[in-house]
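In mature numbering (1 follows the signal peptide of the UniProt record, and there is no 0), the protein residues as written are -33 to -1, 1 to 282.
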Amino acid sequence: MRNLHLYLRAGTARINPFLLAALTCSHALPARAADAPALTQGASPTAIDAFHELETKYIFGFTEGSDIGEEGERAIEFETTGSFAMRGGSFSAIEQEIEFESVPTQFFGYELSAHGLLQSVNNVNGLDNFHNFNFGGLSAEFRFLLVDRGPASPFGLTVTVAPEWARVNDVSGAVMTDFSAAFRLIADTELIPNRLYAAANLIYEPDVARAYGETFWQRSSDLGMTAAMSYRVTPKVTLGGELQYYRAFDGLGMQSFLGNALYIGPTLHIQFTSKIMLAAAFSTEVSGHAIGEGRSLDLTNFQRRLANLKLEIEF
């Protein structure tokens, strides 16, 4: 887990040195030992230890927290993502990822993933019936911590880039070649230290895809905005809720609007030990609209329900 006592200077927020150099024009920051964290007079050491610092990366569900982990950490993660229900029939797609995570430096972490995809499509408008399990593709995620939360910085700020190659369409199941990249700006804060957390994400995901045997590349993009809050009900259990809003477009530059969807749902995070954690989230589309349709939900470009489960084991 992150260590609150790693700072670039005593009493200063832990800031990416490249960002710090740009902001300060290479001027050194003065040390202020008096500002270093200390126990509040009269506070109970037992109470503080019970609600020790919690890594926020996975406590918000589909929304991500800004933490990237401690330098030198490595982990294996099993992530299951499900999407269910589309217009006119039954639809389910369950993606299983096996991920290796590493944090080479205190400002940079990465993940490498392999994907399997189980799909079942019956009588969905515009789709052929399909039932199969396939190797889905490969992906990576690169996390760049810009500003770490600390006494002098109440907000954490991280940027992630997640390129992916997919060989199967995650809706129709058709064999294809697909390249995408999800760019995410992440901000979070502690509203009550070590108890109540809030986060917001801004997401842009361009995509190019070509069906098997064709030469034409289809270009599309998604824009997403999410927000979440989580509260530690016990030292090991955190509960919360989140909102997700997505817009789908034709074209890499969001040229032609296709539809939008708003999701809401609960989140759960359990830190079993310092090395093992479980996170879960479930969201339901509560509002949306697809261009050319007169219905209240967009079940053409999006699914009705989303679910996510993560099990991480550090070593």
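Cβ atoms here follow ideal geometry from the backbone N, Cα and C, with glycine treated the same way. Because the structure is a prediction, the values reported are computed rather than measured.
Residue burial classification, residue i (beta-carbon count within 10 angstroms, cutoff 16)
i	result
K242	exposed
E181	exposed
Q86	buried
L158	exposed
N89	exposed
F183	exposed
N96	exposed
R262	exposed
I35	buried
Y25	buried
Y179	exposed
A257	buried
T30	buried
L273	buried
F216	buried
T193	buried
F45	exposed
T201	exposed
T125	buried
F239	exposed
N99	exposed
G56	exposed
L6	With a pLDDT of 46 at L6, under the threshold of 50, the modelled position of this residue cannot be trusted, and the question is left open.
N92	exposed
Per-residue DSSP class, three states only, for residue i
i	result
A228	strand
A17	helix
Y77	strand
E181	coil
F249	strand
A3	With a pLDDT of 43 at A3, under the threshold of 50, the modelled position of that residue is not reliable, and the figure given next carries that caveat. Correct three-state label for A3: coil.
L235	strand
T125	strand
S33	coil
S223	strand
I(-19)	strand
E260	coil
E131	strand
N268	coil
H(-7)	In this prediction, H(-7) scores a pLDDT of 47, lower than 50, which makes its location untrustworthy; the coordinate-derived value is nonetheless stated afterwards. DSSP places H(-7) in coil when its eight states are reduced to three.
P12	Here the model assigns P12 a pLDDT of 48, short of 50, so the residue's position is not dependable and the matter cannot be decided.
K24	coil
Where the beta strand (DSSP E) containing residue i begins and where it ends
i	result
Y212	V204 to D217
S188	Q185 to R199
N99	F97 to V114
E64	G56 to T72
N92	Careful: N92 lies outside any beta strand (DSSP E) and carries neither H nor E.
G49	R41 to M53
N168	L163 to A178
D145	V142 to I159
P121	Neither: P121 is in no beta strand (DSSP E) and is coded neither H nor E.
K242	It is not in any beta strand (DSSP E) - K242 carries neither H nor E in the DSSP assignment.
N275	R272 to E281
Rounded distance between the beta-carbons of residue j and residue i, thought under 8 Å
i	j	result
F150	Y171	5 Å
G191	Q211	7 Å
residue 285	I237	Given that the chain is displayed from residue -33 to residue 282, the structure contains no residue 285 and the question cannot be resolved.
E68	H82	Actually they are not in contact, since the Cβ atoms of E68 and H82 sit about 15 Å apart, beyond 8 Å.
Y213	L206	Rounded, the Cβ-Cβ distance is 24 Å, inconsistent with contact.
A176	M196	Going by Cβ atoms, the distance from A176 to M196 rounds to 35 Å, so no, they are not a contact pair.
M244	E209	Wrong, their Cβ atoms sit about 18 Å apart, outside the cutoff.
E281	R110	In fact, because the Cβ distance is near 16 Å, the residues do not count as touching under 8 Å.
E66	L79	7 Å
According to DSSP, residues forming a beta bridge with residue i
i	result
S254	L229
G83	Q63 and F102
V138	Partner(s): none; V138 has no beta bridge.
Cβ-heavy atom distance, residue i to the ligand SAM, below 8 Å
i	result
F249	Inclusion of the ligand SAM in the displayed structure is not the case, the ligand content being empty and no account of it being possible.
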